[in-house]
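All remarks here apply to the structure that follows.
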Amino acid sequence: MKMKLPSVPDTTPECKLTIMNAGFCKTKRSHLIKGADSTDISIPALFFLIEHPVHGNILFDTGYSTRYFEATKNFPFSLMNKMTPVQITEKENAISQLLEMNVTARQIQTVILSHLHADHAGGIADFNDSTIYIDKKEWRYGRQSKLKLLINGYLKHLFENINPSSVKLLDFEDSEYSYGPFLRTIDLFKDNTIILVPLPGHSIGQFGLLLNISNQERYFLIADSVYLKANYQKNKGGSILSRIAHYNRKQYESNFPMLKQLEMMNPNLIIIPSHDPDMYKQYINDTKVRL
């Protein structure tokens, strides 16, 4: 499959992207990619603010939040924090960082959730007035019991109070819109700025966000399609333990060659996984990385 993306028309509204982070999770480097050393590493939980000239402020994911500690306080939910210890302060919550930028929750018109894991939907309770986009399969999957979801890496406590009337479900299977090499995508605002691309495997309904600013500036925010860019660049997945987090490991790893070819054929495209420490160092602040 040829992975060349179409050109960005000059008439495309010009958005602005701010890359942010809410919290860290400690693990072993060897957990993220097979064959790596077993040193401890803190991985970020990136989230993204997109300023659209027509549709206002948009969040792609929300990172962790300090609500995680309350959600994992009691057994058996405490097992999650033992397996993946989280570090986050109130000041690092997405809503707190936005307020520092003079952006209130009411000024976030739209929140797009790549999937419902705690490091992506952890702060969603702070944005009750926003329109929330979630994949239809992911939303239905998240209606299961708290215990069943825990086994599959979800903390329902963090998203169970989303107002259903604020949710807009995305149905990629029903979409007939293709974008370059990607079939069944969704042009969210029908203006070529935000193209949602299904990337299932890590979760049943995960998707990525392709942001077209210009032909010289394009981003593909791929959530947990990989943990590190090295996963697809070297075609190596994580450890056996890391497979627990994936809904379908084979489907997850099948995206690696596609992402590598996409990067090679589109030199102006910046691919950003949500948990790569190198992305945090490059786009946020090298001095803040916790090792």
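Read in full-length UniProt numbering, the sequence shown has 165 at position 165, and its numbers run on one by one without any break.
Each residue gets a CB set at the ideal place from its N, CA and C atoms; glycine is no exception.
Member of the options whose CA lies at the smallest distance from the CA of residue i
i, options, result
"residue 164", "23, 140, 193, 96", "140"
"residue 159", "284, 237, 126", "126"
"residue 211", "26, 51, 31, 30", "51"
"residue 72", "182, 12, 155, 54", "155"
"residue 253", "274, 203, 283, 265", "203"
"residue 138", "30, 205, 193", "205"
"residue 175", "191, 91, 124, 197", "197"
"residue 16", "99, 56, 190", "56"
"residue 88", "82, 68, 100", "68"
"residue 324", "143, 145, 136", "Residue numbering for the chain in the displayed model covers 1 to 291; residue 324 lies beyond these limits and cannot be assessed."
"residue 167", "13, 110, 74", "110"
Residues that DSSP places opposite residue i in a beta bridge
i, result
"residue 111", "59, 132"
"residue 117", "DSSP lists no partner for residue 117."
"residue 86", "25"
"residue 20", "47"
"residue 269", "218"
"residue 274", "For residue 274, which the question treats as bridged, DSSP gives no partner whatsoever."
"residue 38", "In the DSSP output, where bridge partners are listed per residue, residue 38 has none listed."
"residue 52", "56"
Nonlocal neighbours in the same chain, by C-beta distance under 6 Å from residue i, ignoring five residues either side
i, result
"residue 243", "249"
"residue 279", "272"
"residue 195", "179, 185, 187, 210"
"residue 3", "181, 261, 262, 265"
"residue 298", "The shown model of the chain, from 1 to 291, leaves out residue 298, and the question about it has no answer."
"residue 80", "72"
"residue 232", "226, 256, 259, 260"
"residue 245", "153"
Own chain, CB closer than 8 Å to residue i, minus 5 neighbours either side, in chain order
i, result
"residue 121", "61, 62, 113, 115, 158, 159"
"residue 10", "none"
"residue 229", "271, 273, 276, 278, 279"
"residue 38", "28, 29, 30"
"residue 103", "49, 57"
"residue 124", "62, 111, 113, 132, 158, 159, 162"
8 Å Cβ cutoff met for residue i and residue j
i, j, result
"residue 59", "residue 46", "no"
"residue 251", "residue 201", "yes"
"residue 93", "residue 284", "no"
"residue 43", "residue 27", "yes"
"residue 132", "residue 162", "yes"
"residue 183", "residue 76", "no"
"residue 134", "residue 170", "yes"
Other residues of its chain near residue i: CB distance less than 7 Å, five sequence neighbours each side excluded
i, result
"residue 215", "7, 8, 268"
"residue 34", "236, 237, 238, 239"
"residue 129", "105, 106"
"residue 241", "31"
"residue 36", "29, 30"
"residue 64", "22, 23, 45, 86, 88, 118, 119, 122"
Residue ranges of each beta strand (DSSP E) within the stretch 142 to 203, 3 or longer = 167 to 170, 177 to 179, 182 to 187, 194 to 198
Within the stretch 200 to 256, ranges of the alpha helix (DSSP H) (whole runs, at least 4 residues) = As summarised for the stretch 200 to 256, the continuous alpha helix (DSSP H) elements at least 4 residues long and confined to that stretch are 229 to 233, given in chain order.
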